[in-house]
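Chemist: This structure is in structure tokens; I'll ask about it shortly.
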């Protein structure tokens, strides 16, 4: 597209988006909040929506992770609770069994009944199983493990003492074990075992209570987090919804505005057409009358007309003719802006040859050395591009008129993939670069009317046509040395 | 020759009419010219009504028609003429200030026989009107009256 900064002849260089650049400079001030706002305002709507959704996503991730963590703690605690219950059960079973062993062996020692011995032996048989379970269930807490080991040892000791007493009884009868039978062989150990079991029991219950409190706390946290998270997500989603809705509303508004402006523009165009129609019809008539009646006047007073009077009459008709020319030029210029454009391949070399053939009359009696480089094919409207070169070449011929030997060059400059730059260079009267920006304006002339004729519409037409092709125009020159006019046409077809 | 047949000049602007008549005068054909000041007068003439009720019967040699006229404009007159089987053969020359493509296209589409843009410069205007008057009013052979029988269609 057109970029004004690349055109030396374009005087006005507009800085696009100036209000934004003003916002950018505000972080310089001490107010850091302002800086944050401008940072946020610089984000496009897409970036804002993406940021919103990212925040929602991150929130969901955090909530999920924390909930998972809390829930797994609760699950672990409940599994541990099961084990604690088993341990408590086992401890009471052991307590009962060890009491049973002490009682049974004493009864056996006193009565010698085999059934008591059986009861005792049953406990002895159960003891390894107890030990295995005990070790298993006490795992996880150092203290309990320690106690379990001591408990196991004590059970071993008690049972050993009792079985020694039974052996002595079998060898020496009641007398040999009388004292033990009354007191009990493992009484001391049994007391220790009892105490140990009480300790372990209370410890385990404490741990259980602690875990229950733990789980309750975790569950409460999870619920709070879920509630808070849901609320935050809701707020975020509402914000994103607002952004999207706002954006959609804005877009719809812009579309409507565009359509409205399009309609206005169409109406304005129609009006302009009607205007130029009436200009073409109504403005020309009085001019014709001025010229006509001046001629009739000249005819009717021919005999008595002196030289001064003749000159006055001549000036009247010259002025009328000039104004007619101006109107015609203006109409052409207006038509160039409205006319439908063709998009075909134009062979510039052929086009220039035709233009030069048409300009033959202007070239009579002139000595001009032509330099014409091989020219490329471009895409555009042949009639309009023809007008461009007619204007440029007519200018070159006109402004070299004072040169005894004119030289005009048509060439191509730095062909890029994006555009073709064609120039027309002459060694004519040239112009001051100071006025370069005025060259392409409507009715802008850099020379006095009596120096070079013309209405000053030619280059305005050149610019209008080239712009409609999506191209650029500019000029370089120096007074009394010459001028070069450049037109850049995009290589790809431009749809206006 | 069609010395007897009049030339219709439809021109609402009296100055333009005067200038045109001045040109015709130089060619000595101004006495053949019937001046109509708007489109309605042209139609009145052609259909022998209003001020032209009692005129001699017969179609004119040519009609010089301005586009922009009060009451009935040039294009409307042209449309009426070309739609009427009796009037259709009359040569109609558009003589106007407008160079607009739209006007050109529409005039020819309606069946105009020629389209002449009035030049601003008087001497060009003069020669244009002289040539037109001489060609259509003197040189050109107008269609015979009662052409209806010769029309293959309708």
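Chains as they are written, first to last, in my numbering: chain A, 1 to 496; chain L, 497 to 650. Heads up, the beta-carbon is just placed ideally off N, CA and C, and yes, glycines get one too.
#1: Does residue 515/L get closer than 7 Å to chain A when you measure Cβ to Cβ?
#2: Measuring straight from C-alpha to C-alpha, what distance separates residue 196/A and residue 154/A?
#3: To the nearest angstrom, report how far apart residue 364/A and residue 546/L are at their CA atoms.
#4: Measure the beta-carbon distance from residue 632/L to residue 573/L and round it to whole angstroms, keeping in mind my assumption that it falls under 8 Å.
#5: Tell me the DSSP secondary structure of residue 84/A in three-state form.
#6: Alpha carbon to alpha carbon, what distance is there between residue 561/L and residue 540/L?
#7: Which one of 144/A, 162/A, 185/A, 219/A has the shortest CA to CA distance from residue 199/A?
#8: So, is residue 369/A buried or exposed, given that buried needs 16 or more other C-beta atoms within 10 angstroms?
#9: Would you please verify whether the beta carbon of residue 616/L is less than 7 Å from any beta carbon of chain A?
#10: Using the C-alpha atoms, what's the distance from residue 619/L back to residue 627/L?
#11: Using three-state DSSP, classify residue 114/A as helix, strand or coil.
#12: Mind pulling the beta strand (DSSP E) runs of 3 or more residues that sit fully within the stretch 284-368 of chain A?
#13: Would you check if the distance between the CB atom of residue 391/A and the CB atom of residue 462/A is smaller than 7 Å?
#14: So what does DSSP say about residue 503/L, is it helix, strand or coil?
#15: Thinking residue 511/L and residue 289/A are a contact (beta carbons under 8 Å), I'd like their distance in whole angstroms, please.
#16: Whose C-beta lies closer than 7 Å to the C-beta of residue 373/A among residues of the same chain, with five residues either side of it excluded?
#17: Is DSSP giving residue 500/A helix, strand or coil here?
#18: Is there a Cβ from chain L that is less than 7 Å from the Cβ of residue 438/A?
#19: Between the alpha carbons of residue 637/L and residue 500/L, how many angstroms are there, rounded?
#20: Following the continuous alpha helix (DSSP H) through residue 519/L, name the residue where it begins and the one where it ends.
#21: How is residue 590/L classed by DSSP in three states: helix, strand or coil?
#22: Using a C-beta to C-beta distance shorter than 9 Å, which residues of chain L count as neighbours of residue 321/A?
#23: Taking CB distances under 7 Å as the criterion, tell me whether residue 295/A reaches chain L.
#24: Just to confirm, are residue 45/A and residue 329/A a CB contact at a threshold of 7 Å?
#25: Does any C-beta atom of chain L lie closer than 7 Å to the C-beta of residue 298/A?
#26: What is the DSSP secondary structure of residue 476/A, counted as helix, strand or coil?
#27: Given a threshold of 16 other Cβ atoms within 10 Å of its Cβ, counted over all protein chains shown, does residue 408/A qualify as buried or as exposed?
#28: May I ask you to report which of helix, strand or coil DSSP gives residue 185/A?
#29: Can you check which of these residues, 432/A, 389/A, 326/A, 325/A, is closest to residue 358/A by C-alpha distance?
#30: What did DSSP end up calling residue 68/A once you bin it into helix, strand or coil?
#31: Nearest by alpha-carbon distance to residue 92/A: which of 79/A, 130/A, 56/A, 110/A is it?
#32: Can you pull the DSSP bridge partners for residue 531/L?
#33: Would you identify the three-state DSSP class for residue 643/L, choosing helix, strand or coil?
#34: When you compare the CB positions of residue 176/A and residue 109/A, do they come within less than 7 Å of one another, or not?
#35: Residues of the stretch 515-539 of chain L with a CB closer than 7 Å to any CB of chain A: list them in chain order, please.
#36: Tell me, to the nearest whole angstrom, how far the beta carbon of residue 490/A is from that of residue 419/A; I am working on the premise that it is less than 8 Å.
Modeler: Answer, in terms of the structure:
#1: Along the second chain, read from residue 1 onward, the residue named residue 515/L stands at position 19. Chain A contact via Cβ: present.
#2: Position 196 of the first chain holds residue 196/A. Position 154 of the first chain holds residue 154/A. Straight-line Cα distance between these residues: approximately 10 Å.
#3: What you label residue 364/A is simply residue 364 of the first chain in a count that begins at 1. What you label residue 546/L is simply residue 50 of the second chain in a count that begins at 1. Residue 364/A and residue 546/L: Cα-Cα distance of roughly 59 Å.
#4: By 1-based counting over the second chain, the position of residue 632/L is 136. By 1-based counting over the second chain, the position of residue 573/L is 77. No, residue 632/L and residue 573/L are not in contact; Cβ-Cβ is about 17 Å, not under 8 Å.
#5: As a first step, residue 84/A must be located in the first chain, where it is residue number 84. Correct three-state label for residue 84/A: helix.
#6: By 1-based counting over the second chain, the position of residue 540/L is 44. By 1-based counting over the second chain, the position of residue 561/L is 65. Spanning the two alpha carbons is a distance of roughly 14 Å.
#7: Residue numbering aside, residue 199/A sits at position 199 when the first chain is read from its first letter. Answer by Cα proximity: 144/A.
#8: If you number the first chain from 1, residue 369/A lands on position 369. Result: exposed.
#9: If you number the second chain from 1, residue 616/L lands on position 120. Output row for residue 616/L: interface = yes.
#10: The residue labelled residue 627/L in the question sits at position 131 within the second chain. The residue labelled residue 619/L in the question sits at position 123 within the second chain. Distance between residue 627/L and residue 619/L, taken at the CA atoms: about 12 Å.
#11: Translated into positions along the first chain, residue 114/A becomes position 114. Residue 114/A: helix per DSSP, three-state reduction.
#12: The beta strand (DSSP E) runs lying completely inside the stretch 284-368 of chain A and spanning 3 residues or more are 344-347, given in chain order.
#13: Locating residue 391/A in the first chain gives position 391, counting from the first residue. Locating residue 462/A in the first chain gives position 462, counting from the first residue. Annotated as proximal: residue 391/A and residue 462/A, with beta-carbon spacing under 7 Å.
#14: Along the second chain, read from residue 1 onward, the residue named residue 503/L stands at position 7. In the three-state reduction of the DSSP assignment, residue 503/L falls in the strand class, which pools E and B.
#15: Translated into positions along the second chain, residue 511/L becomes position 15. Translated into positions along the first chain, residue 289/A becomes position 289. So it is a contact: roughly 4 Å between Cβ atoms.
#16: For the purposes of this step, residue 373/A is identified with residue 373 of the first chain, where counting begins at 1. Excluding residues within five positions, the ones whose Cβ falls inside 7 Å are 410, 411, 412.
#17: Any property of residue 500/A remains undetermined from this structure, which presents chain A solely from 1 to 496.
#18: Translated into the one-based positions of the first chain, residue 438/A becomes position 438. Not closer than 7 Å to any Cβ of chain L, the Cβ of residue 438/A fails to qualify, so no.
#19: Taking the first residue of the second chain as position 1, residue 637/L is located at position 141. Taking the first residue of the second chain as position 1, residue 500/L is located at position 4. Rounded to whole angstroms, residue 637/L to residue 500/L spans 12 Å at the Cα level.
#20: Here residue 519/L corresponds to residue number 23 of the second chain, with the count starting at 1. Residues 510-522.
#21: By 1-based counting over the second chain, the position of residue 590/L is 94. Residue 590/L: strand per DSSP, three-state reduction.
#22: Within the first chain, residue 321/A is the residue found at index 321, counting from 1. What residue 321/A touches in chain L: 616, 617.
#23: As a working mapping, residue 295/A is identified with position 295 in the first chain. Interface annotation, residue 295/A: in contact with chain L, CB-CB separation under 7 Å.
#24: The sequence position of residue 45/A within the first chain is 45, counting from 1. The sequence position of residue 329/A within the first chain is 329, counting from 1. Result no, Cβ atoms of residue 45/A and residue 329/A do not sit closer than 7 Å.
#25: Your numbering for residue 298/A matches position 298 in the first chain. Taking Cβ atoms only, chain L never reaches closer than 7 Å to residue 298/A, which makes this a no.
#26: Along the first chain, read from residue 1 onward, the residue named residue 476/A stands at position 476. Note: residue 476/A maps to strand in three-state DSSP.
#27: Here residue 408/A corresponds to residue number 408 of the first chain, with the count starting at 1. Residue 408/A comes out buried.
#28: Position 185 of the first chain, counted from the first residue, corresponds to residue 185/A. DSSP places residue 185/A in the coil class of the three-state scheme, outside both helix and strand.
#29: Mapped onto the first chain, residue 358/A falls at position 358. Comparing Cα-Cα distances from residue 358/A to each of 432/A, 389/A, 326/A, 325/A, the minimum goes to 389/A.
#30: Reading the first chain from its first residue, position 68 is the one you call residue 68/A. Three-state result, residue 68/A: helix.
#31: Working through the first chain from its first residue, we reach residue 92/A at position 92. Checked all of 79/A, 130/A, 56/A, 110/A; the closest Cα to residue 92/A is 130/A.
#32: In the second chain, residue 531/L corresponds to position 35, counting from 1. 505/L.
#33: Translated into the one-based positions of the second chain, residue 643/L becomes position 147. Bear in mind that the predicted position of residue 643/L carries a pLDDT of just 48, short of 50, making it unreliable; the figure below should be weighed with that in mind. Residue 643/L: helix per DSSP, three-state reduction.
#34: Translated into the one-based positions of the first chain, residue 176/A becomes position 176. Translated into the one-based positions of the first chain, residue 109/A becomes position 109. When the beta-carbon positions are compared, residue 176/A and residue 109/A stay at least 7 Å from each other.
#35: Answer in chain order: 515, 518.
#36: Taking the first residue of the first chain as 1, we reach residue 490/A at position 490. Taking the first residue of the first chain as 1, we reach residue 419/A at position 419. Their Cβ separation, rounded to whole angstroms, is 5 Å, which keeps residue 490/A and residue 419/A in contact under 8 Å.
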